[in-house]
Amino acid sequence: MSDEAARTYLPRGLPIPVAEADGLSAPYWQGLRQNRLLVQRCRHCGTWQFGPEWTCHQCHAFDPDWTEIEPHGRIFSWERVWHPSHAALRQHGPYLAVLVEIPHAGGVRMVGNLLGDPAQVVSIGAAVDGVFEHHPHPERPYSLLHWRLSSARGRETRASKRS
Amino acid sequence: MAIADRTLRGRVAVVGIGETDYYRHGASPDPEFKLALKAIMAACSDAGIDPRDIDGFAAYSEERSEASRLAAALGTRRLRAATMQWGGGGGGCCAAVANAAASIVAGLADCVVVFRSLAQGQYGRFGQTTGIDTISGEKAYLMPYGVLAPPQRFAMRVRRYMHEHGVGQDALRAIALASYHHAQANPRAVMYGKPLDAAKYEASRWIAEPFHLYDCCMENDGAAALVLVPAERAGEFRNKPAYVLGAAVGSGYRAGAIPHNSPHYASAGFETVAADLYAMAGLGPSDVGVVQCYENFTGGVVMALAEHGFFAPEEANDYLAFDNLVAPSGRLPLNTSGGNLAECYMHGFELLLEAVRQVRGTSTSQARRNDVAMVIGGPMVTPVSNLLLGSEATL
Numbered sequence: 001m002s003d004e005a006a007r008t009y010l011p012r013g014l015p016i017p018v019a020e021a022d023g024l025s026a027p028y029w030q031g032l033r034q035n036r037l038l039v040q041r042c043r044h045c046g047t048w049q050f051g052p053e054w055t056c057h058q059c060h061a062f063d064p065d066w067t068e069i070e071p072h073g074r075i076f077s078w079e080r081v082w083h084p085s086h087a088a089l090r091q092h093g094p095y096l097a098v099l100v101e102i103p104h105a106g107g108v109r110m111v112g113n114l115l116g117d118p119a120q121v122v123s124i125g126a127a128v129d130g131v132f133e134h135h136p137h138p139e140r141p142y143s144l145l146h147w148r149l150s151s152a153r154g155r156e157t158r159a160s161k162r163s
Numbered sequence: 164m165a166i167a168d169r170t171l172r173g174r175v176a177v178v179g180i181g182e183t184d185y186y187r188h189g190a191s192p193d194p195e196f197k198l199a200l201k202a203i204m205a206a207c208s209d210a211g212i213d214p215r216d217i218d219g220f221a222a223y224s225e226e227r228s229e230a231s232r233l234a235a236a237l238g239t240r241r242l243r244a245a246t247m248q249w250g251g252g253g254g255g256c257c258a259a260v261a262n263a264a265a266s267i268v269a270g271l272a273d274c275v276v277v278f279r280s281l282a283q284g285q286y287g288r289f290g291q292t293t294g295i296d297t298i299s300g301e302k303a304y305l306m307p308y309g310v311l312a313p314p315q316r317f318a319m320r321v322r323r324y325m326h327e328h329g330v331g332q333d334a335l336r337a338i339a340l341a342s343y344h345h346a347q348a349n350p351r352a353v354m355y356g357k358p359l360d361a362a363k364y365e366a367s368r369w370i371a372e373p374f375h376l377y378d379c380c381m382e383n384d385g386a387a388a389l390v391l392v393p394a395e396r397a398g399e400f401r402n403k404p405a406y407v408l409g410a411a412v413g414s415g416y417r418a419g420a421i422p423h424n425s426p427h428y429a430s431a432g433f434e435t436v437a438a439d440l441y442a443m444a445g446l447g448p449s450d451v452g453v454v455q456c457y458e459n460f461t462g463g464v465v466m467a468l469a470e471h472g473f474f475a476p477e478e479a480n481d482y483l484a485f486d487n488l489v490a491p492s493g494r495l496p497l498n499t500s501g502g503n504l505a506e507c508y509m510h511g512f513e514l515l516l517e518a519v520r521q522v523r524g525t526s527t528s529q530a531r532r533n534d535v536a537m538v539i540g541g542p543m544v545t546p547v548s549n550l551l552l553g554s555e556a557t558l
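So this is what it looks like as structure tokens:
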């Protein structure tokens, strides 16, 4: 993780994610800082839920539990972004964003960047593993969750996450 | 009363339309509120109505030109309705008309102006996100990954749709070419005199794959408005009325589940809304002669047209050919003013005005079949909305 901690996938200066004033997503963001991926799961009916809400959308029980899951999934969709929509991205060049589906958590989806060559061919359905990226910002430290194709480095990623 | 007995069909009519000059973003000499006043006065003038007799205002998408200020500025004698559609950006363009129509049918108002004003030079562009320090809610799951502005927020949805149904890039291209083709006949269009052909489309830069530059709407300054009255008053005005045949608003199951967690992800969001529209109007896709479909991005148009039953998703590559989409005699003339891509990104409201022109028979790209004109607002957002307008003969 050390080389990844030093260099981020996208340049610094993009908006910093923070929990809402009411704290709804705070456990998720705190989890990422500890290399843990947390999503909601209803303790009454077992329904998985992400993004978070104050109720389970299936049975309407309040305050679904936050549950840690393994950060593995499949690419559900993707995009290669060329146009810089933020000053921090000018002169940066293309980058890849992916929508990852997590089958072992009810198929919830999350957006991240796909690490590696931004010109790579991306296949919907490809297996990916999560890679935590830590931003040691002086006032507002935060962490992101990126993805990497499982084929080559999957086992290594899992091992480093557990260490 | 059962829902089928409660209807807007034939109960209200558009009797006036008006717009300002349309500008590139930042190029308007007028501030946003002044643009709103100009468009509203133009619509009243078109109808032949004193602006003081307007008794309601309806808008959408966080419209800043607020009803009470408008009423004070215009000397409105009696304000009776002030409705604002929640959320969904341009997805509210038809909903604003539906809300105004509902106000009239319910007896809350008699003469409602529906409008949108937008000066991106004054208030900032949708396509640039610089200046945000921290972010919460849906965008917190997206922006730190460079999924910032609308092209990036919708490209993955379109990519998934193309994957599921085998839709090719040429289908997107045909939509862009049709809009630009129609804009060349429309002197109001920002892209008037700036034609697009297949080679220029293919050579244009990627914004976010699968969107080339020409798959993306413009960003503009301007305002547009229409005047809505009860059907029984439609004969008092100078123009041929365009009657509301149906309208619908909404979205399917959990369409608003963030981030990108709607169960039916590869969708424009009309699976329930299209059915409601046709049910109210008592019409089907084969009755529709001409369509104005909100192009935030061409890929959303593909989905929205399929969800309105004009073709099955698997037929998109064949159906969405340039010749099929152009007035006067294509199978389905589409975005006949140039729309958001090439007339003006008036947040879809220019599409409403164009549908009225089609019913009147005064479009610069008139469709041969113009008795029933459809408007589709805001694919891929929630809530979305749609509208059917028709001539007196369709009542």
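For the protein sequence lines, the chains are A and B, in the order given.
Using our numbering, you'd call the opening residue of the first sequence number 1 and step up by one each time.
Using our numbering, you'd call the opening residue of the second sequence number 164 and step up by one each time.
Glycine included, each C-beta is placed from N, C-alpha and C at the ideal position.
Coil, strand or helix - residue i by DSSP
i         : result
B:Ile-166 : helix
B:Ser-231 : helix
B:Pro-422 : coil
A:Glu-20  : coil
B:Cys-256 : helix
B:Glu-399 : helix
B:Val-464 : helix
B:Tyr-441 : helix
B:Arg-494 : coil
B:His-471 : coil
B:Met-306 : helix
B:Met-204 : helix
Neighbour flag for residue i against chain B, beta carbons, 8 Å
i         : result
A:Gly-31  : no
A:Ile-102 : no
A:Gly-106 : no
A:Arg-140 : yes
A:Asn-113 : yes
A:Val-131 : no
A:Glu-68  : no
A:Leu-144 : yes
A:Phe-62  : no
A:Arg-41  : no
Span of the beta strand (DSSP E) around residue i
i         : result
A:Tyr-95  : 95-102
B:Cys-456 : 453-456
B:Val-321 : Where B:Val-321 is concerned, there is no enclosing beta strand (DSSP E), although the alpha helix (DSSP H) it sits in stretches over 313-328.
A:Phe-76  : 72-81
Min CB distance residue i to chain A below 8 Å
i         : result
B:Val-544 : no
B:Val-330 : no
B:Gly-284 : no
B:Gly-309 : yes
B:Thr-297 : yes
B:Met-306 : yes
B:Thr-170 : no
B:Trp-369 : yes
B:Thr-293 : yes
Assigned exposure category for residue i - 16 Cβ within 10 Å defines buried
i         : result
B:Glu-506 : buried
A:Gly-112 : buried
B:Ala-585 : Residue 585 of chain B is absent from the structure shown; chain B starts at 164 and stops at 558.
A:Trp-48  : buried
B:Glu-470 : buried
B:Pro-314 : buried
A:Phe-62  : exposed
B:Glu-382 : buried
B:Ile-295 : exposed
B:Arg-279 : buried
B:Ser-449 : exposed
A:Arg-80  : buried
B:Pro-192 : exposed
7 Å CB neighbourhood of residue i in its chain, flanking five on each side removed
i         : result
B:Arg-316 : Leu-305 and Val-310
B:Arg-531 : Pro-491 and Ser-492
B:Glu-517 : Gln-455, Thr-499, Ser-500 and Ser-526
B:Thr-246 : Ala-221, Asn-262, Ala-263 and Ser-266
B:Val-268 : Leu-171, Arg-174 and Val-175
A:Pro-17  : Trp-29 and Tyr-142
Same chain only: Cβ atoms within 6 Å of residue i, ignoring 5 sequence neighbours per side
i         : result
B:Val-519 : Val-177, Ile-180 and Ala-405
A:Glu-4   : Confidence at A:Glu-4 is low in this model, with a pLDDT of 46, below 50, so its placement is unreliable and no value can be given for it.
B:Ala-429 : Arg-323, Tyr-324 and Glu-327
Endpoints, the alpha helix (DSSP H) within which residue i is located
i         : result
A:Trp-29  : 26-33
A:Ile-124 : Neither: A:Ile-124 is in no alpha helix (DSSP H) and is coded neither H nor E.
B:Ile-539 : B:Ile-539 -> not in any alpha helix (DSSP H); beta strand (DSSP E) instead, spanning 535-540.
B:Phe-512 : 512-523
Neighbourhood of residue i by C-beta distance below 8 Å, restricted to the same chain and skipping five residues each side
i         : result
B:Gly-398 : Pro-404
B:Arg-368 : His-375 and Leu-376
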